[in-house]
Structures are given as structure tokens and as C-alpha cells.
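Those letters in the sequence shown? Residues 492 to 775, per this note's numbering, in order.
The C-beta atom is built at its ideal place from N, Cα and C for all residues, glycine as well.
Note that the structure is a prediction, hence the values are computed from the model and not measured.
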Amino acid sequence: MVPGAFSYHRPDTIDGVVSLLGEWGDDARVIAGGHSLIPVMKQRLTDISQLIDLAGVDALKGISIDGDTVTIGAMTTQHELITSGTLHEVAPIIREASLQIADPQVRYVGTIGGNVANGDPANDMPGLMQTIDAKYHLAGPKGERTVAARDFYEAAYFTAREEDEILTSISFVAKKGGYAYEKQKRKIGDYATAAAGVLLSMDDGVCSSASIALTNLSDTPVYCDAAVEVLVGSSVDDNSITKAVKAAVEASDPVADTRGPVDFKKYVAGVIVKRAIQSAKTRV
Ligand SMILES: Cc1cc2nc3c(=O)[nH]c(=O)nc-3n(C[C@H](O)[C@H](O)[C@H](O)COP(=O)(O)OP(=O)(O)OC[C@H]3O[C@@H](n4cnc5c(N)ncnc54)[C@H](O)[C@@H]3O)c2cc1C
Numbered sequence: 492m493v494p495g496a497f498s499y500h501r502p503d504t505i506d507g508v509v510s511l512l513g514e515w516g517d518d519a520r521v522i523a524g525g526h527s528l529i530p531v532m533k534q535r536l537t538d539i540s541q542l543i544d545l546a547g548v549d550a551l552k553g554i555s556i557d558g559d560t561v562t563i564g565a566m567t568t569q570h571e572l573i574t575s576g577t578l579h580e581v582a583p584i585i586r587e588a589s590l591q592i593a594d595p596q597v598r599y600v601g602t603i604g605g606n607v608a609n610g611d612p613a614n615d616m617p618g619l620m621q622t623i624d625a626k627y628h629l630a631g632p633k634g635e636r637t638v639a640a641r642d643f644y645e646a647a648y649f650t651a652r653e654e655d656e657i658l659t660s661i662s663f664v665a666k667k668g669g670y671a672y673e674k675q676k677r678k679i680g681d682y683a684t685a686a687a688g689v690l691l692s693m694d695d696g697v698c699s700s701a702s703i704a705l706t707n708l709s710d711t712p713v714y715c716d717a718a719v720e721v722l723v724g725s726s727v728d729d730n731s732i733t734k735a736v737k738a739a740v741e742a743s744d745p746v747a748d749t750r751g752p753v754d755f756k757k758y759v760a761g762v763i764v765k766r767a768i769q770s771a772k773t774r775v
């Protein structure tokens, strides 16, 4: 399959991208790594006459760390997330999750911005970003604004981003404590049957803060408030883990597909969430 004809633009500033989006409206689409966009163009599932390549915009690239605040440019690749030693020091969950995405070929080109902006419920980074309570920074004709990852996802492939906006960067405050990103998939290179991110802090044997989010268990990532409430104030013992797992599974809403029926996915979700909490606890 070959895509339909399109014009190619390669601006070198964020303003240049925004101006092209304003000029072409619905006919235009930005391209980052192209791993998700090019297949849908080839299958003619989307009709784009203007393709705006973000590769020339240096302002969208790189990782900066200021104290405990981390900012990652939208065009930073998954490979760069994995190989950044400074990022790993402050937020090791990012490397753990990124290493479970597809394979090295995909990770060399796939970007964090494309992964989170696409709104694909199977992508791992939206759930990861909800786990670390990341904020998404958007730029459009009306200026810049920030949306929390936990408020960004509305339905599969529908997000709070307006069509004339681009995601410029992602920021979050790195927290000390235990972490884990656990994923069950059918084979290397596959999307998750179920995955979960967990952050956990303990003070004198009592959980002082927690965070749990799920991947590919609903049409959006799922932040598990009820499960977090169970853990905070507990000693994260077997009893509270069982209750938290139950709450997380109740918050999920998977659909049957080639990865299995709903009951199977909920069962796997329970196993994965339990493993992630236990693993995070061992790393506090
Ligand atoms: C074989 C294969 C296996 C994969 N397995 C996994 C997996 O297990 N887990 C996982 O998480 N991912 C997986 N992926 C997805 C991959 O990791 C990429 O992150 C993903 O395809 C999107 O990133 P991209 O940079 O290629 O974006 P693109 O394909 O270029 O863009 C995707 C969409 O996002 C929009 N977009 C891109 N950047 C921006 C921006 N800055 N602002 C606004 N909109 C933007 C584009 O317009 C497009 O609609 C897999 C991909 C492949 C091909």
C-alpha cells in the first residue's frame, strides 16, 4: 500500500509548525517518528494532504533536569529515554517502561510525543505518564497551555489536544521511592495485554503516597484512585495489596480482542497490578 499524495513541510520552529497547522487546518498532520501515522496513511485510513515533519524543530528535543523537575521534549525518542543516565537516576520507572515498548528498531525512532499524543490505548507511555503525574505542554494559535496527563485522554484516539495544537514537551516532578512498570504481552514487539505502573513511598513502614495507572485495559489509560486510597496509610501488606488489586481491576474496562476475552484480561490485570505493587515495595 502507498499513501495518497501529500505535500511535505519541514519547519524549524514551533511557531512555524503552529502557523502551518493554522493555514491548513484539518488537511494537515504533524509527523514525529511516523510509526503510527505512516501505517494509517498507507492503508488510506486517513486523508492528509499536508504533512508537517517535526524532525527539524530542535526546541522539541532533549531532556532537561532542574532539581527534581524533569522536562522532556516531545521529539525525544524512546531510545534516548532509555540511554539517559541522568533521567534514570531521578526517574528509573521511565527506562523500565520504555524497555518494554516494542523492540530496539521501533524505539530508535518512536518519540514520547507521538506515543502520548496519539491517544492509542495500547501505548504504554500514557499510563506511565499518569503514574508519574506528568503534565503535557501544548502550543497552538491561542498560545501555550498545560494539561495533566490524568485529564488528557477522553476516548480511544480522542484527547484534550485541539487539532491546531502540538505537544511541545512533558514535565513532571520526580519522586523518590519504589517504582515498577509491569507488562504482560504475547511476544516481544507486542502491545500489552495488560500493563500497570506503580509508584510507592513508605515512611516508617507506612505508605505515605502511591500512584497506580493501567495500560490497555480500557479505551483510555486508567488512573486507579480507589486502589491508591487503599494503599496510602497501610503497610502494603498482603491484605491491602489484595484490596488494592481488586479496586484496580474494578476500575478497568477491557474489551475482548485477539489478546483474549474480558475475563482473561481482568485476570491478567490483577496479576500485573499485584506484581507491580510488590516490586515497587521491594525498591522503596
Ligand atoms: C511494531 C510496533 C510495535 C509497537 N509496540 C508498542 C508498544 O508495545 N508500546 C508502545 O507504547 N508503543 C508501541 N509502538 C508505538 C511506538 O512506540 C510509537 O511511540 C508510536 O508509534 C508513536 O510515536 P511516533 O513518534 O512514531 O509518532 P507518529 O506516528 O509520527 O505520530 C503518531 C500520532 O501522533 C501525532 N503526533 C506526533 N507527535 C506529535 C506532537 N508533538 N504533537 C501533537 N501530535 C503529535 C501525529 O500527528 C500522529 O497522529 C509500536 C509501534 C510499532 C510500529
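Our contact map puts residue i next to residue j with C-beta atoms below 8 Å; I'd like the distance itself, whole angstroms only.
| i | j | result |
| --- | --- | --- |
| D615 | T504 | With 8 Å as the limit, D615 and T504 do not qualify as a contact, their Cβ atoms being about 30 Å apart. |
| V727 | I763 | So it is not a contact: roughly 17 Å between Cβ atoms. |
| A701 | L722 | 4 Å |
| G604 | A523 | 5 Å |
| D559 | V664 | 5 Å |
| G688 | A588 | 7 Å |
| V775 | G669 | 4 Å |
| K552 | T567 | 6 Å |
| S660 | A735 | Not a contact, Cβ separation roughly 32 Å. |
| K626 | A640 | 7 Å |
| V509 | V548 | 11 Å between Cβ atoms; not a contact. |
Could you tell me which of the options sits nearest to residue i, measuring between CA atoms?
| i | options | result |
| --- | --- | --- |
| I554 | G680, E580, D544 | E580 |
| T773 | I763, D754, A671 | A671 |
| A717 | R652, A739, E654 | A739 |
| S770 | L690, M532, F643 | L690 |
| D754 | A646, A685, M532, L512 | A685 |
| Y648 | L551, I563, P612 | P612 |
| K737 | G724, G761, G507 | G761 |
| A519 | I539, G525, L572, V531 | I539 |
| Q675 | V508, Q591, R641, D642 | Q591 |
| I732 | T622, I703, P752, G751 | I703 |
| A582 | K667, V548, P752 | K667 |
| Q569 | H526, T637, V719, D549 | H526 |
| I584 | Y758, A550, D624 | D624 |
| A550 | M532, L512, D506, D557 | D506 |
| N606 | E635, V521, R636 | V521 |
Taking the DSSP output, what are the residues bridged to residue i?
| i | result |
| --- | --- |
| S452 | Nothing can be reported for residue 452, as the shown portion of the chain is limited to 492 through 775. |
| T706 | A686 |
| K734 | Answer by DSSP bridge pairing: none, since K734 is not bridged. |
| I657 | A630 |
| K674 | A686 |
| L542 | Y499, R520 |
| V713 | L705 |
| F649 | A646 |
| F663 | V561 |
| I556 | V561 |
| G507 | Answer is none; G507 lacks a bridge partner. |
| V638 | Y627 |
| T568 | T602 |
| L744 | First, the residue type needs correcting, since residue 744 is Asp and not Leu in the sequence shown. Its beta-bridge partners do not exist; DSSP assigns none. |
| G669 | L691 |
| G576 | According to DSSP, G576 bridges with nothing at all. |
| G751 | D748 |
On the criterion of 16 or more Cβ atoms from any shown chain inside 10 Å, does residue i qualify as buried, or is it exposed?
| i | result |
| --- | --- |
| T650 | buried |
| K467 | Shown here, the chain extends from 492 to 775; a query on residue 467 therefore has no answer. |
| L629 | buried |
| P745 | buried |
| G495 | exposed |
| K756 | buried |
| V493 | exposed |
| I434 | There is simply no residue 434 to check, as the chain begins at 492 and stops at 775 in what is shown. |
| T749 | exposed |
| E673 | buried |
| E514 | exposed |
| I747 | Checking the displayed sequence, the identity of residue 747 turns out to be Ala instead of Ile. Classification for A747: exposed. |
| A646 | exposed |
| Q534 | exposed |
| Y599 | exposed |
| E571 | buried |
| P622 | Residue identity differs from the one stated: residue 622 is Thr in this sequence, not Pro. Buried, since its Cβ has 16 or more Cβ neighbours within 10 Å. |
| L658 | buried |
| L536 | exposed |
Shorter than 8 Å from the beta carbon of residue i to some beta carbon of chain C?
| i | result |
| --- | --- |
| S731 | The question asks about chain C, but that chain is absent: this structure has only one protein chain. |
**Asked** On the three-pair Cβ rule with 8 Å, is the region 691-703 touching the region 577-596?
**Response** The answer is no - the region 577-596 does not touch the region 691-703, with fewer than three Cβ pairs under 8 Å.
**Prompt:** Three or more C-beta pairs closer than 8 Å, one from the region 711-722 and one from the region 605-620: is that the case here?
**Reply:** Between the region 711-722 and the region 605-620 there are three or more inter-stretch CB-CB distances shorter than 8 Å, so the stretches are counted as touching.
**Request:** Would you check if there are 3 or more beta carbon pairs closer than 8 Å linking the region 495-503 to the region 538-558?
**Result:** Short answer: they touch.
**Request:** Specify whether the region 670-689 and the region 569-576 touch according to this definition: at least 3 beta carbon pairs, one from each stretch, less than 8 Å apart.
**Result:** Cβ pair count under 8 Å is below three, so no.
**Message:** Tell me whether the region 648-667 and the region 622-637 touch, counting them as touching only if at least three CB pairs, one residue from each stretch, are closer than 8 Å.
**Reply:** A contact exists between the region 648-667 and the region 622-637.
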